[in-house]
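Just below is one structure, and these are the notes that go with it.
2 protein chains.
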Amino acid sequence: MSARAVVLLSGGLDSATALAIARAEGYACHALSFEYGQRHARELDSARRLAAALGAEEHLVLRLDLRAIGGSALTAEIDVPKGRSPATIAHGIPVTYVPARNTIFLSHALAWAEVLGARDLFIGVNVLDASGYPDCRPEFIRAFERLANLATRAGVEGDGHFRIHAPLIELSKAAIIRRGAELQVDHGLTWSCYAPERDGRACGLCDACLLRKKGFAEAGLRDPLPYAA
Amino acid sequence: MSARAVVLLSGGLDSATALAIARAEGYACHALSFEYGQRHARELDSARRLAAALGAEEHLVLRLDLRAIGGSALTAEIDVPKGRSPATIAHGIPVTYVPARNTIFLSHALAWAEVLGARDLFIGVNVLDASGYPDCRPEFIRAFERLANLATRAGVEGDGHFRIHAPLIELSKAAIIRRGAELQVDHGLTWSCYAPERDGRACGLCDACLLRKKGFAEAGLRDPLPYAA
Numbered sequence: 102m103s104a105r106a107v108v109l110l111s112g113g114l115d116s117a118t119a120l121a122i123a124r125a126e127g128y129a130c131h132a133l134s135f136e137y138g139q140r141h142a143r144e145l146d147s148a149r150r151l152a153a154a155l156g157a158e159e160h161l162v163l164r165l166d167l168r169a170i171g172g173s174a175l176t177a178e179i180d181v182p183k184g185r186s187p188a189t190i191a192h193g194i195p196v197t198y199v200p201a202r203n204t205i206f207l208s209h210a211l212a213w214a215e216v217l218g219a220r221d222l223f224i225g226v227n228v229l230d231a232s233g234y235p236d237c238r239p240e241f242i243r244a245f246e247r248l249a250n251l252a253t254r255a256g257v258e259g260d261g262h263f264r265i266h267a268p269l270i271e272l273s274k275a276a277i278i279r280r281g282a283e284l285q286v287d288h289g290l291t292w293s294c295y296a297p298e299r300d301g302r303a304c305g306l307c308d309a310c311l312l313r314k315k316g317f318a319e320a321g322l323r324d325p326l327p328y329a330a
Numbered sequence: 102m103s104a105r106a107v108v109l110l111s112g113g114l115d116s117a118t119a120l121a122i123a124r125a126e127g128y129a130c131h132a133l134s135f136e137y138g139q140r141h142a143r144e145l146d147s148a149r150r151l152a153a154a155l156g157a158e159e160h161l162v163l164r165l166d167l168r169a170i171g172g173s174a175l176t177a178e179i180d181v182p183k184g185r186s187p188a189t190i191a192h193g194i195p196v197t198y199v200p201a202r203n204t205i206f207l208s209h210a211l212a213w214a215e216v217l218g219a220r221d222l223f224i225g226v227n228v229l230d231a232s233g234y235p236d237c238r239p240e241f242i243r244a245f246e247r248l249a250n251l252a253t254r255a256g257v258e259g260d261g262h263f264r265i266h267a268p269l270i271e272l273s274k275a276a277i278i279r280r281g282a283e284l285q286v287d288h289g290l291t292w293s294c295y296a297p298e299r300d301g302r303a304c305g306l307c308d309a310c311l312l313r314k315k316g317f318a319e320a321g322l323r324d325p326l327p328y329a330a
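Residue numbers (the numbering used here), protein chains in the order written: chain A, 102 to 330; chain D, 102 to 330.
Below, the structure is given as structure tokens:
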């Protein structure tokens with residue numbers, strides 16, 4: 102039987118690629134998504150389709166009440182910035198930062214992993230393009246791995262050691278897109294836009310769209326998604 | 102203006118005492134509870150009353166979907182053990198362990214603290230009576246504090262340093278009860294039982310009841326709660 106892994110799956114390019122990598126490494130993948138009051142709930146439909154297309158064993162969507170906590174353009178009534186330059190995007194922590202989001206996501210992934218008997222967690226964070234998110238950095242991932250092995254029965258009783266895999270952490274968006282293409286990820290199933298148009302197209306102007314379009318251009322690949330701009 | 106603190110408040114003896122300590126230290130307290138599918142949902146009523154009685158600024162109850170994750174007698178259809186000896190209770194991790202629960206709770210507390218501008222988090226864990234829970238140990242608390250300062254905008258931008266306070270961590274249940282009494286905690290508002298009777302009384306036989314009764318006996322104080330056994 103294959104070893105099990107819990108894979109955080111948002112429905113975006115990065116987590117889809119992380120899932121494809123975990124599958125290629127031979128793990129039986131248990132995909133985990135969150136409905137956390139995000140404005141771009143469409144990404145959950147993408148997550149469902151990606152979990153099926155990439156051969157996950159199962160896909161669990163947990164509800165989280167992050168809107169009650171607030172503090173982010175993704176969960177509150179704060180405007181998502183549009184039309185920023187790549188240099189601006191790469192500096193500072195954006196308003197789309199959701200306080201402690203990856204800590205919250207990984208905590209739930211850890212709980213589920215413990216129940217499943219999985220010791221491997223995959224998360225598709227990367228530091229390069231969106232360096233402003235503190236919880237996408239290697240030192241955060243290492244600190245969480247250390248915590249995981251102190252926080253759980255599995256860590257304490259020594260029947261296994263949790264590993265947090267962040268296989269994209271040092272890759273550019275273009276490299277992630279190329280790696281996904283190699284692993285047969287259908288990029289048309291992924292979703293990145295924070296502020297989709299009413300007609301269903303990606304806005305083309307939010308940070309996520311701009312980074313995605315730049316990535317496809319640099320990778321020399323065609324982005325199958327329709328954009329409004 | 103007083104510094105703000107986020108205080109995890111379950112409705113039990115320990116978290117009530119932690120809230121009273123935070124108030125005595127002068128913090129403006131923002132109490133945080135979770136509705137996580139626990140069988141003993143009555144503790145949430147206790148948390149509401151305690152937050153008001155102990156002068157919290159506000160009380161937020163977040164819903165968590167821990168039942169979908171499973172793995173614990175507190176959230177799944179596993180029997181809560183009754184009538185165990187104190188020596189047995191003190192050994193091994195019990196079936197009432199909820200995978201990664203304190204990691205999940207502290208992650209949300211951290212998010213809320215960041216939004217509130219609070220840098221102090223209080224949690225009423227203690228290692229002595231219920232030593233089986235891995236996420237009640239000092240090394241867990243220290244690891245989470247380290248993580249908190251890597252995971253957040255507040256930690257990274259250096260405008261403050263998160264501290265996780267666990268003021269009860271080395272205290273016996275009797276000492277916690279005495280400390281609460283000194284700080285005017287109304288113990289009749291607290292709730293501990295995992296498996297209350299239909300008539301509303303505490304069962305008197307689950308681990309939580311046994312530890313509580315032993316604590317009051319050792320403290321030489323009367324427990325105002327009615328017990329079935």
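Beta carbons: idealized from backbone N, C-alpha and C, even for Gly.
Does Asp146 (chain D) pass the burial test, meaning 16 or more other C-beta atoms within 10 Å, or should it be called exposed?
The sequence position of residue 146 (chain D) within the second sequence is 45, counting from 1. It is exposed - the Cβ of Asp146 (chain D) has fewer than 16 other Cβ atoms within 10 Å.
Would you verify that the beta carbon of Ile224 (chain D) is, or is not, closer than 7 Å to some beta carbon of chain A?
Walking along the second sequence from the start, residue 224 (chain D) turns up at place 123. No, Ile224 (chain D) does not count as interfacial toward chain A.
Quick one: list the residues of chain A neighbouring Gly171 (chain D), beta-carbon separation under 7 Å, in chain order.
In the second sequence, residue 171 (chain D) corresponds to position 70, counting from 1. For Gly171 (chain D), the C-beta contacts it makes with chain A under 7 Å involve Val216, in order along the chain.
Give me the Cα-Cα distance between His160 (chain D) and Arg164 (chain A), rounded to the nearest whole angstrom.
For the purposes of this step, residue 160 (chain D) is identified with residue 59 of the second sequence, where counting begins at 1. For the purposes of this step, residue 164 (chain A) is identified with residue 63 of the first sequence, where counting begins at 1. The straight-line gap from Cα to Cα measures roughly 20 Å.
How many whole angstroms separate the CB atoms of Val108 (chain D) and His131 (chain D), which I take to be in contact at a CB cut-off of 8 Å?
Here the question's residue 108 (chain D) lines up with position 7 in the second sequence. Here the question's residue 131 (chain D) lines up with position 30 in the second sequence. Contact holds; Cβ gap of about 7 Å.
Have a look at Gly301 (chain A) and Ala309 (chain A) and give me their C-alpha separation to the nearest angstrom.
Position 200 of the first sequence, counting from 1, holds the residue named residue 301 (chain A). Position 208 of the first sequence, counting from 1, holds the residue named residue 309 (chain A). Each residue's alpha carbon lies about 16 Å from the other.
Is it the case that the region 231–243 of chain D contacts the region 230–246 of chain A, given that we only count it when at least three CB pairs across the two stretches are under 8 Å?
No, they do not touch.
Do you know whose CA, among D:Ser134, D:Glu246, D:Ser186, lies nearest Leu306 (chain D)'s CA?
To locate residue 306 (chain D), count along the second sequence from 1; it is residue 205. The candidate whose alpha carbon is nearest that of Leu306 (chain D) is D:Ser186.
When you compare each of D:Ala212, D:Thr204, D:Ser173 to Ala244 (chain A) by their alpha carbons, which one comes out closest?
Translated into positions along the first sequence, residue 244 (chain A) becomes position 143. Closest by alpha carbon: D:Thr204.
What is the DSSP secondary structure of His262 (chain D), reduced to helix, strand or coil?
In the second sequence, the residue the question calls residue 262 (chain D) occupies position 161. Per DSSP, reduced to three states, the secondary structure at His262 (chain D) is coil, with no helix or strand assignment.
May I have the straight-line CA-CA distance separating Leu110 (chain D) from His262 (chain D), to the nearest angstrom?
Taking the first residue of the second sequence as 1, we reach residue 110 (chain D) at position 9. Taking the first residue of the second sequence as 1, we reach residue 262 (chain D) at position 161. In this model, Leu110 (chain D) and His262 (chain D) are separated by some 22 Å (Cα to Cα).
Using beta carbons (cut-off 7 Å, strictly below), is Glu240 (chain A) in contact with chain D?
Your numbering for residue 240 (chain A) matches position 139 in the first sequence. For Glu240 (chain A), the nearest CB of chain D lies under 7 Å from its own CB, placing it at the interface with that chain.
Taking Cβ positions only, does Ala296 (chain D) come closer than 7 Å to chain A?
Your numbering for residue 296 (chain D) matches position 195 in the second sequence. Output row for Ala296 (chain D): interface = no.
When D:Gly281, D:Ala157, D:Ala275 are compared against Lys315 (chain D), the one with the closest alpha-carbon:
Taking the first residue of the second sequence as 1, we reach residue 315 (chain D) at position 214. Measuring from the Cα of Lys315 (chain D), the nearest candidate turns out to be D:Ala275.
For Ser208 (chain A) and chain C, any beta-carbon pair shorter than 7 Å?
This model lacks chain C altogether, as its protein chains are A and D.
What residue does the alpha helix (DSSP H) around Cys130 (chain D) start on, and which one ends it?
Residue mapping note: residue 130 (chain D) aligns to position 29 of the second sequence, counting from 1. Looking at the DSSP string, Cys130 (chain D) is not in any alpha helix (DSSP H); the run it does join, the beta strand (DSSP E), is 129–136.
Which chain A residues are close to Tyr198 (chain D), counting only those with a beta carbon under 8 Å from its beta carbon?
By one-based count along the second sequence, residue 198 (chain D) stands at place 97. Those within 8 Å of Tyr198 (chain D) in chain A are Arg254.
Could you please tell me which residues of the region 296–326 of chain D, in chain order, have their CB closer than 7 Å to any CB of chain A?
Within the region 296–326 of chain D, no residue qualifies.
Reduced DSSP secondary structure (H/G/I, E/B, other) of Arg164 (chain D):
Counted from its first residue, the second sequence places residue 164 (chain D) at position 63. In the structure shown, Arg164 (chain D) falls within a strand segment according to DSSP collapsed to helix, strand and coil.
Coil, strand or helix - Val216 (chain A) by DSSP
For the purposes of this step, residue 216 (chain A) is taken as residue 115 along the first sequence, with counting starting at 1. The three-state secondary structure of Val216 (chain A), taken from DSSP, is helix.
Around the Cβ of Gly172 (chain D), are there at least 16 other Cβ atoms within 10 angstroms (buried) or fewer (exposed)?
Position 71 of the second sequence, counted from the start, is the residue given in the question as residue 172 (chain D). Gly172 (chain D) counts as buried, since at least 16 other C-beta atoms from the protein chains shown sit within 10 angstroms of its C-beta.
Is the region 115–134 of chain A close to the region 206–225 of chain A, with three or more CB pairs under 8 Å?
Flag = yes, the region 115–134 of chain A and the region 206–225 of chain A touch.
Please state whether the Cβ-Cβ distance between Leu290 (chain D) and Ala125 (chain D) is less than 7 Å.
To locate residue 290 (chain D), count along the second sequence from 1; it is residue 189. To locate residue 125 (chain D), count along the second sequence from 1; it is residue 24. Going by beta carbons, Leu290 (chain D) and Ala125 (chain D) fall outside the 7 Å limit.
List the residues that DSSP assigns as beta-bridge partners of Val226 (chain A).
Numbered from its first residue, the first sequence carries residue 226 (chain A) at position 125. According to the DSSP secondary-structure assignment, Val226 (chain A) is paired through a beta bridge with no residue.
Ignore the nearest five residues each way along the sequence and tell me which others in Ala157 (chain D)'s own chain have a CB closer than 6 Å to its CB.
Here residue 157 (chain D) refers to the residue found at position 56 when the second sequence is read from its first residue. Same-chain partners within the cutoff: Cys130, Ala132.
Write down the C-beta distance between Leu167 (chain A) and Val199 (chain A) rounded to the nearest angstrom, noting that I regard them as a contact closer than 8 Å.
Numbered from its first residue, the first sequence carries residue 167 (chain A) at position 66. Numbered from its first residue, the first sequence carries residue 199 (chain A) at position 98. Your pair Leu167 (chain A) and Val199 (chain A) checks out as a contact, with CB atoms roughly 6 Å apart and the cut at 8 Å.
DSSP three-state label for Ala169 (chain A), please.
For the purposes of this step, residue 169 (chain A) is taken as the residue at position 68 of the first sequence. Ala169 (chain A) falls in the helix class under three-state DSSP.
Which residue wins for smallest C-alpha separation from Ser103 (chain D), given the options D:Ala123, D:Ala117, D:Ala153, D:Gly112?
The residue given as residue 103 (chain D) occupies position 2 in the second sequence. Of D:Ala123, D:Ala117, D:Ala153, D:Gly112, the residue nearest in Cα terms is D:Ala123.
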